[in-house]
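First comes the structure, then the notes that go with it.
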Amino acid sequence: TYALTASRENPDQGAPDHPDDPAARHAAAAVVQVHSLADPTYVVDAAALWNGLAGEPFGPRAMVDAVLALRRAAR
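Numbers in the working numbering are just positions in the sequence shown, counted from 1, shifted up by 104.
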């Protein structure tokens with residue numbers, strides 16, 4: 105799995121006194137995944153697809169189709 109993480113030496117440092125405070129910052133990570141149209145049980149992280157590690161279930165148009173779907177989703 106490819107994920108973006110941030111770490112601190114002291115995890116309690118900078119923790120908000122009131123976690124419900126709207127000014128408190130929260131972090132999240134999203135992992136974009138692609139599934140095969142021929143067989144939806146084949147799922148791969150988009151980063152692996154771009155690095156050529158997706159394997160045969162994903163045809164030559166998989167990257168193009170993934171980019172188009174991501175573009176539509178971003179609108």
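Just so it is clear, CB atoms sit at the ideal spot from N, CA and C, and this is done for glycine as well.
These numbers were taken from a predicted model, which means no experiment stands behind them.
Cβ separation of Val-138 and Ala-170, assumed to be a contact under 8 Å, to the nearest whole Å: 5 Å
Is Ala-166 near Ala-158, with beta carbons less than 8 Å apart? yes
Endpoints, the beta strand (DSSP E) within which Val-147 is located: 147–149
Phe-162 to Ala-178 span [Cα, whole Å]: 23 Å
Which same chain residues end up closer than 6 Å to Leu-172 when comparing Cβ atoms and leaving out the 5 residues on each side of it in sequence? none
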